[in-house]
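The structure appears right after this line, and notes come after that.
Protein chains: 2
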Amino acid sequence: MTKNKLRVIPLGGASEVGRNMWVFEYEEDIIICDMGVMFPESEMMGVDLVLPDITYLRDKVANIRGVLLTHGHEDHIGAVPWLIGDLGFPTVYGTTLTLGLLSNKLKEHRLTDKVSTKTIAPGDKFQLGCFTIEPFHIAHSIPDSVGFGLTSPAGLALYITDWKLDHTPVDNWPTEIDRLVDFGRRNPIVLVTDCVRVESKGYTPSERVVGDAFDQIFATAPGRVIMATFASNISRVQMAINAAIDYGRKVVPVGRSMENNTSIARELGYLEVPDGVLIRPGDMKNLPDDQIAIVCTGSQGEPMAALSRMANRDHRQISIQRGDTVVISASPIPGNEVSVYKVIDNLYKLGANVIYGSDLPVHVSGHAAQEELKMLLNLVQPQYVIPFHGDYRHLARYKQLAEGMGFNGDNVLIAEGGSIMEFSQNYGKLVSRAPVGHVFVDGVSVGDIGGAVVRDRQMLAKDGILMVVVSVELQTGNLVAGPDIVSRGFVSTRDSTDLIEGAKEAVRASFSESYVVPARAFSDGEETAEGNSPAVSSPAARKIKEVVGRYLYERTRRRPMVIPVVMEV
Amino acid sequence: MTKNKLRVIPLGGASEVGRNMWVFEYEEDIIICDMGVMFPESEMMGVDLVLPDITYLRDKVANIRGVLLTHGHEDHIGAVPWLIGDLGFPTVYGTTLTLGLLSNKLKEHRLTDKVSTKTIAPGDKFQLGCFTIEPFHIAHSIPDSVGFGLTSPAGLALYITDWKLDHTPVDNWPTEIDRLVDFGRRNPIVLVTDCVRVESKGYTPSERVVGDAFDQIFATAPGRVIMATFASNISRVQMAINAAIDYGRKVVPVGRSMENNTSIARELGYLEVPDGVLIRPGDMKNLPDDQIAIVCTGSQGEPMAALSRMANRDHRQISIQRGDTVVISASPIPGNEVSVYKVIDNLYKLGANVIYGSDLPVHVSGHAAQEELKMLLNLVQPQYVIPFHGDYRHLARYKQLAEGMGFNGDNVLIAEGGSIMEFSQNYGKLVSRAPVGHVFVDGVSVGDIGGAVVRDRQMLAKDGILMVVVSVELQTGNLVAGPDIVSRGFVSTRDSTDLIEGAKEAVRASFSESYVVPARAFSDGEETAEGNSPAVSSPAARKIKEVVGRYLYERTRRRPMVIPVVMEV
Chain A
1 MTKNKLRVIP
11 LGGASEVGRN
21 MWVFEYEEDI
31 IICDMGVMFP
41 ESEMMGVDLV
51 LPDITYLRDK
61 VANIRGVLLT
71 HGHEDHIGAV
81 PWLIGDLGFP
91 TVYGTTLTLG
101 LLSNKLKEHR
111 LTDKVSTKTI
121 APGDKFQLGC
131 FTIEPFHIAH
141 SIPDSVGFGL
151 TSPAGLALYI
161 TDWKLDHTPV
171 DNWPTEIDRL
181 VDFGRRNPIV
191 LVTDCVRVES
201 KGYTPSERVV
211 GDAFDQIFAT
221 APGRVIMATF
231 ASNISRVQMA
241 INAAIDYGRK
251 VVPVGRSMEN
261 NTSIARELGY
271 LEVPDGVLIR
281 PGDMKNLPDD
291 QIAIVCTGSQ
301 GEPMAALSRM
311 ANRDHRQISI
321 QRGDTVVISA
331 SPIPGNEVSV
341 YKVIDNLYKL
351 GANVIYGSDL
361 PVHVSGHAAQ
371 EELKMLLNLV
381 QPQYVIPFHG
391 DYRHLARYKQ
401 LAEGMGFNGD
411 NVLIAEGGSI
421 MEFSQNYGKL
431 VSRAPVGHVF
441 VDGVSVGDIG
451 GAVVRDRQML
461 AKDGILMVVV
471 SVELQTGNLV
481 AGPDIVSRGF
491 VSTRDSTDLI
501 EGAKEAVRAS
511 FSESYVVPAR
521 AFSDGEETAE
531 GNSPAVSSPA
541 ARKIKEVVGR
551 YLYERTRRRP
561 MVIPVVMEV
Chain B
1 MTKNKLRVIP
11 LGGASEVGRN
21 MWVFEYEEDI
31 IICDMGVMFP
41 ESEMMGVDLV
51 LPDITYLRDK
61 VANIRGVLLT
71 HGHEDHIGAV
81 PWLIGDLGFP
91 TVYGTTLTLG
101 LLSNKLKEHR
111 LTDKVSTKTI
121 APGDKFQLGC
131 FTIEPFHIAH
141 SIPDSVGFGL
151 TSPAGLALYI
161 TDWKLDHTPV
171 DNWPTEIDRL
181 VDFGRRNPIV
191 LVTDCVRVES
201 KGYTPSERVV
211 GDAFDQIFAT
221 APGRVIMATF
231 ASNISRVQMA
241 INAAIDYGRK
251 VVPVGRSMEN
261 NTSIARELGY
271 LEVPDGVLIR
281 PGDMKNLPDD
291 QIAIVCTGSQ
301 GEPMAALSRM
311 ANRDHRQISI
321 QRGDTVVISA
331 SPIPGNEVSV
341 YKVIDNLYKL
351 GANVIYGSDL
361 PVHVSGHAAQ
371 EELKMLLNLV
381 QPQYVIPFHG
391 DYRHLARYKQ
401 LAEGMGFNGD
411 NVLIAEGGSI
421 MEFSQNYGKL
431 VSRAPVGHVF
441 VDGVSVGDIG
451 GAVVRDRQML
461 AKDGILMVVV
471 SVELQTGNLV
481 AGPDIVSRGF
491 VSTRDSTDLI
501 EGAKEAVRAS
511 FSESYVVPAR
521 AFSDGEETAE
531 GNSPAVSSPA
541 ARKIKEVVGR
551 YLYERTRRRP
561 MVIPVVMEV
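Line order of the protein sequences matches chains A and B.
Each residue of the first sequence is one higher than the one before, starting from 1 at the first, in the numbering used here.
Each residue of the second sequence is one higher than the one before, starting from 1 at the first, in the numbering used here.
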């Protein structure tokens with residue numbers, strides 16, 4: 001730990017969307033900014049969540065002065081319940097709405113009494129260790145979002161994530177450009193900024209244009225309106241409520257997170273809803289269809305969320321009917337396109353009309369586009385920049401964008417996960433790497449499964465598995481029962497009796513005295529993490545595996561996982 | 001088979017992109033239009049190709065008068081080698097380039113001598129059974145594309161797939177609007193048209209705008225240009241060659257299908273390349289970087305294609321270097337976004353600059369947008385329309401588009417795969433359904449695997465598998481060896497010894513005398529197609545499965561597939 005330098009480390013990986021968790025460290029003081037989860041990529045089969053890797057902090061837990069949260073999205077607060085204990089329960093600082101959304105999670109994990117939180121607001125200024133913390137308001141797709149100025153003896157660092165400029169935000173609270181100007185005058189040493197929309201030219205439109213689109217839809221839809229969006233996008237929900245009121249519709253929040261978030265936001269004053277506007281699904285039957293607006297989850301085609309279940313005729317309370325107008329008020333996150341389109345197809349099959357994509361401006365991003373990113377650089381004039389919250393191409397293009405403005409490209413640090421960077425006046429460098437990997441949450445345990453298990457699932461998904469079970473006599477090694485072959489995901493045994501019989505014959509033949517295990521050690525690369533008992537790793541087992549694997553490949557060109565089990569009796 | 005009616009049946013499923021195969025049947029005469037493959041969806045794990053289902057034709061093979069191909073894309077000709085034999089080797093009709101691309105496939109399948117083909121051209125008019133066939137030229141993203149007028153005693157049917165209007169196509173041959181006008185005057189009974197871009201407002205831009213973008217790039221790129229596109233998009237390749245010549249670059253086709261298609265197209269006169277312009281990868285070392293343009297496959301992020309391998313540093317001949325300009329001249333097909341973005345990320349990591357998406361117009365679609373679709377309806381004035389080559393939402397929106405123009409919505413037939421529709425003057429109806437399913441090609445055999453096997457792979461991919469093997473005494477049913485537990489893709493046994501030990505203990509306990517199999521039959525819904533031997537379906541086996549499944553779920557909330565194997569000794 002270098003003296004006099006500010007250390008900045010992205011534990012979630014700067015180059016991955018999600019899992020945001022940043023360490024700002026000056027000598028004996030550590031501040032953590034955000035603690036989010038990442039949703040698994042499609043190859044991470046069967047995994048529920050991916051957490052940041054806190055290995056770097058394990059020996060430094062006593063130095064943690066606090067956790068600062070910027071806003072209430074899952075990829076910024078979702079990991080708090082999972083990690084806060086291992087981090088020694090430092091105090092968590094956040095705005096009212098952010099802490100309100102967090103408190104729900106803490107309750108679910110039974111941590112309410114263990115975690116201390118402190119409400120902050122833009123304009124505050126407080127000390128945590130040697131750091132002076134200055135939150136300021138930014139516009140995003142959830143209200144009450146802030147960025148942080150963090151001043152240590154090394155200088156001023158700015159942490160600005162998930163931001164845009166919006167001159168007409170729904171809560172009437174634009175990004176505080178005046179604060180950015182002030183910070184800019186203090187010669188910040190480093191700016192950490194999101195860059196996920198660096199591919200988009202111009203400026204991101206205001207949230208307000210969606211409100212205009214909603215007006216048009218809510219006024220003219222012949223029957224019910226069903227609007228799907230992120231439950232955390234309170235501004236979007238507010239505009240739906242406003243349009244509903246203007247056109248005489250009651251609003252029905254549907255979906256657990258939608259109901260929760262709407263309720264928390266309302267309670268804390270972030271959602272304005274006159275009494276009597278919100279109703280429950282059961283109350284709908286008393287109303288004509290054109291007086292109903294349902295606001296629900298599922299805008300990403302998530303299988304368990306409300307809209308997907310409605311599209312699958314699988315929702316207990318809502319059935320899609322002819323004449324419904326469904327609005328998909330979101331853009332598919334890369335990877336979700338097929339799920340979203342399947343939901344839309346099914347909604348059409350059920351007779352709904354669906355408004356999505358570029359039909360009408362029913363969605364705008366919460367992130368800055370190229371011109372806003374350039375403006376921030378000009379306002380803040382940092383010595384160094386760390387772009388993040390994007391994939392590698394976004395970081396690389398941000399660097400190009402900065403260079404195009406005359407910014408020194410060497411001062412734009414492209415940080416992979418775990419990069420340890422150090423800064424002070426006119427000094428900025430990648431010095432080493434912290435150990436970071438994917439930490440999976442699968443089922444109820446954290447870290448229960450490793451990369452090898454996920455790889456096995458991928459192999460199983462490709463060609464299936466074949467189990468070959470024999471009983472052999474302990475003394476002689478002779479076959480006394482079997483082989484029995486059970487396959488899953490490989491081939492329809494009913495249709496392929498000959499193939500399976502042939503494999504059995506090959507096994508039997510291998511037990512005859514003349515068979516010699518080929519000298520070449522067959523290596524499937526199957527060094528899995530799952531321990532092998534002697535039943536699967538003995539010479540007899542290896543022989544079976546080799547024989548069956550080769551037989552099947554020659555006939556089918558497929559490589560199912562072959563698991564031999566040799567019972568010695 | 002109704003007399004006096006034209007039967008129209010999509011065997012590939014009108015509502016799926018790909019697998020195009022249409023049957024036009026009048027009494028004893030059958031014409032097949034197109035015979036394409038579909039690439040598997042991500043849930044169809046481990047499957048290589050999906051073919052149309054020709055069950056409907058099995059008893060009618062003698063009635064097949066010919067196969068008409070519209071153009072050389074995989075989803076229109078890819079199934080010919082797989083199915084033409086089962087269909088009795090009817091003659092295949094296509095334009096010069098289409099048959100040229102087909103001949104390559106027939107050679108690979110050793111069918112060249114068995115399949116008879118006949119070259120046709122726009123303006124031809126010929127008889128097949130009672131059908132008069134009239135091909136006419138349409139613009140698409142591959143040259144030499146046609147639509148067909150098919151006249152039977154029932155009336156004129158128009159089959160127009162994969163088309164757009166392009167007034168400045170690269171081959172100077174626009175869609176023959178005059179032919180459409182002529183057909184329109186003959187009161188066609190039914191129009192079959194693609195509608196995949198019905199979500200797009202306005203008109204699809206001309207292929208020519210890509211040429212302008214290529215000019216800009218090829219002129220200014222500091223080093224090599226690497227342009228990735230579909231190998232079948234000969235027009236795109238032509239424009240790359242034109243720009244290369246204009247700016248002093250040699251052209252290197254890379255990727256098996258790119259090399260093949262370029263060669264076939266050139267041979268047949270569809271690609272104009274002066275001598276000396278095309279070079280081989282090995283010749284590049286003699287040239288400065290800014291005199292090189294590589295044209296390669298992989299624009300969809302396909303793992304085995306050239307660009308992905310270059311991005312993974314896995315291509316034998318080409319290594320990406322700093323200063324390369326890569327152009328992704330394609331739009332990701334839904335489902336491919338993540339693969340494409342990963343390739344782009346990796347290219348940036350290797351120091352390339354990448355031009356993609358909306359940076360510059362480096363790609364336009366080959367399909368008609370809303371205004372073109374409307375224009376076709378006005379020109380042709382069919383009595384009935386069958387929109388296809390889209391997902392359900394496209395078909396539904398096409399119907400809305402037609403209704404918006406005053407077309408009678410009841411006369412737009414939304415046809416699921418296998419729909420048997422019949423037409424004559426002022427008559428059009430869905431009369432029944434042909435049996436169609438997914439026919440998988442997996443490994444080397446067709447139809448080898450069924451839906452159940454694919455479902456098993458999905459289950460394995462999600463939670464993995466656990467095998468529990470015991471030996472029991474035949475007479476007493478007592479446990480004599482085991483239980484041995486082997487898991488794959490479930491949990492790291494090394495880390496979860498307690499869990500596995502507990503499962504073993506539960507199995508042992510279940511063999512004690514006091515254990516009673518619960519009355520409720522546990523049903524995992526695991527009615528798989530793979531036959532079960534007694535070793536896995538006996539009462540003892542079912543007991544083990546129930547006990548272990550319950551134990552694991554209670555502790556982990558996961559449901560791995562549990563396969564009990566009971567060896568009786």
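Glycine residues also receive a C-beta, built at the ideal position from the N, C-alpha and C atoms.
Remember, predicted model here, so these are calculated numbers, not experimental data.
Interface partners of residue i on chain B, CB under 7 angstroms
i: K349 of chain A; result: Y392
i: I344 of chain A; result: R393
i: V8 of chain A; result: Ordered by position in chain B, no residue passes the 7 angstroms Cβ test against V8 of chain A, which lies about 21 angstroms from the chain.
Chain A contact residues for residue i, given Cβ-Cβ distances below 9 angstroms
i: R550 of chain B; result: Simply none; closest approach about 15 angstroms.
i: R208 of chain B; result: Here the premise fails: no neighbours, minimum Cβ distance about 23 angstroms.
Pair within 8 angstroms by beta-carbon distance, residue i and residue j
i: L293 of chain B; j: M227 of chain B; result: A small correction: the amino acid at residue 293 of chain B is Ala; Leu does not occupy that position in the sequence shown. Yes, these two residues count as a Cβ contact at 8 angstroms.
i: T193 of chain B; j: L376 of chain B; result: yes
i: G428 of chain B; j: V190 of chain B; result: yes
i: H367 of chain A; j: A330 of chain A; result: no
i: A540 of chain B; j: V472 of chain B; result: yes
i: N4 of chain A; j: S308 of chain A; result: no
i: V237 of chain A; j: I279 of chain A; result: no
i: D86 of chain A; j: I133 of chain A; result: no
i: L97 of chain B; j: A265 of chain B; result: yes
i: I328 of chain A; j: V254 of chain A; result: no
Residues bridged to residue i [DSSP beta-bridge criterion]
i: G282 of chain B; result: Its beta-bridge partners do not exist; DSSP assigns none.
i: T117 of chain B; result: B:V92
i: S263 of chain A; result: S263 of chain A is not bridged to any residue.
i: R7 of chain A; result: A:E25 and A:E422
i: F136 of chain B; result: B:G147
i: N353 of chain B; result: B:T325
Where residue i meets chain B, residues with beta-carbon distance less than 9 angstroms
i: E134 of chain A; result: The contacting residues do not exist; E134 of chain A stays about 34 angstroms from chain B at best.
i: M38 of chain A; result: Under the 9 angstroms cutoff, chain B gives no residues; its nearest Cβ is about 14 angstroms from M38 of chain A.
i: G147 of chain A; result: Those within 9 angstroms of G147 of chain A in chain B number zero; the least Cβ separation is about 26 angstroms.
Integer-rounded CB distance, given that residue j should sit under 8 angstroms from residue i
i: V80 of chain B; j: L102 of chain B; result: 6 angstroms
i: M239 of chain A; j: V170 of chain A; result: 6 angstroms
i: R58 of chain A; j: I30 of chain A; result: Incorrect: roughly 12 angstroms between the Cβ atoms, too far for contact.
i: S487 of chain A; j: G464 of chain A; result: 6 angstroms
i: L69 of chain A; j: G489 of chain B; result: About 35 angstroms separates the two Cβ atoms, so there is no contact after all.
Partners in chain A for residue i, counting only beta-carbon separations shorter than 8 angstroms
i: V354 of chain B; result: R393
i: Y341 of chain B; result: P334, D391 and R393
Proximal residues of chain B, C-beta to C-beta of residue i below 8 angstroms
i: G357 of chain A; result: E199
Partners in chain E for residue i, counting only beta-carbon separations shorter than 7 angstroms
i: M405 of chain A; result: In summary, chain E is missing from the structure at hand, where the protein chains are A and B.
Proximal residues of chain A, C-beta to C-beta of residue i below 7 angstroms
i: M567 of chain B; result: V469, S471, A481, G482 and M567
i: G489 of chain B; result: V453, D456, R457 and L460
Pull out every residue of the region 451-482 of chain A whose Cβ sits closer than 9 angstroms to any Cβ of chain B, in chain order. A452, V453, V454, R455, D456, R457, Q458, M459, L460, A461, K462, D463, G464, I465, M467, V469, V470, S471, V480, A481 and G482
Beta carbons nearer than 7 angstroms to chain B: which residues of the region 308-336 of chain A have them? P334 and G335
Closer than 9 angstroms, Cβ to any Cβ of chain B: which residues of the region 184-202 of chain A, in chain order? E199, S200 and K201
Using a Cβ-Cβ cut-off of less than 7 angstroms, list which residues of the region 539-563 of chain A approach chain B; keep chain order. T556, R557, R558, M561 and I563
Determine which residues of the region 363-397 of chain A have a Cβ less than 7 angstroms from any Cβ of chain B, and write them out in chain order. D391, Y392, R393 and A396
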